[in-house]
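Structure first, commentary second.
Numbering (the numbering used here), first residue to last: 12 to 161.
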């Protein structure tokens, strides 16, 4: 069963269980997946990796929206966004710990022989495939920058 099929099956189950948060979240996630499938010149079927990328983007939107609502003092909306983000996290790979990320970046720096902040792109290019979906790009970039300037 592909990840997209799992989302569809779970949506049906959530509708039967009358779980409004899960239904709302999965509908929006499936819409994002379907929009991605028809984006571009030709429609295509997304692989599980592509679906994970879409879900990661959607989860990031929820985190940012929750922070914005919390900053504006709109706690109910912030809680709703966090709840939706929690549903999406169930479908994403486990996030890397800080120690794991530090080790991956150190390995990439050693493998590429990079030195200094100018080599950041080279290291990012080496690290991103290993991290795919398990850490946000901003977090990875911050760690690469920290290690290259240390």
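We treat Cβ as the ideally placed atom computed from N, Cα and C, and that holds for glycine.
Could you tell me the distance, in whole angstroms, from the CA atom of residue i to the CA atom of residue j?
i: residue 91; j: residue 123; result: 43 Å
i: residue 50; j: residue 44; result: 10 Å
i: residue 161; j: residue 155; result: 10 Å
i: residue 27; j: residue 60; result: 28 Å
i: residue 135; j: residue 29; result: 43 Å
i: residue 19; j: residue 71; result: 21 Å
i: residue 76; j: residue 69; result: 11 Å
i: residue 25; j: residue 31; result: 8 Å
Between residue i and chain C, is the shortest Cβ-Cβ distance under 8 Å, so that the two count as touching?
i: residue 132; result: In summary, chain C is missing from the structure at hand, where a single protein chain is found.
Would you mind working out which of the options sits nearest residue i, comparing C-alpha positions?
i: residue 80; options: 69, 93, 34; result: 93
i: residue 64; options: 108, 148, 85; result: 148
i: residue 99; options: 57, 21, 152; result: 21
i: residue 47; options: 38, 57, 39; result: 57
i: residue 73; options: 54, 97, 84; result: 97
i: residue 112; options: 12, 138, 78, 14; result: 138
i: residue 151; options: 121, 126, 107; result: 107
i: residue 101; options: 83, 33, 23; result: 33
For a test of your reading of the model: does the CB of residue i fall under 7 Å from any non-hydrogen atom of the ligand GDP? Yes or no.
i: residue 18; result: The ligand content of the structure shown is nil, which means the ligand GDP is not present either.
Fill in: Any alpha helix (DSSP H) of 4 or more consecutive residues that is wholly inside the segment 66-147
86-100, 109-123, 131-142
Worksheet item: How do the segment 53-73 and the segment 135-148 stand: do at least 3 beta-carbon pairs fall below 8 Å, yes or no?
Response: yes
Worksheet item: When the Cβ atoms of the segment 26-41 are set against those of the segment 105-125, are three or more pairs found closer than 8 Å?
Response: no
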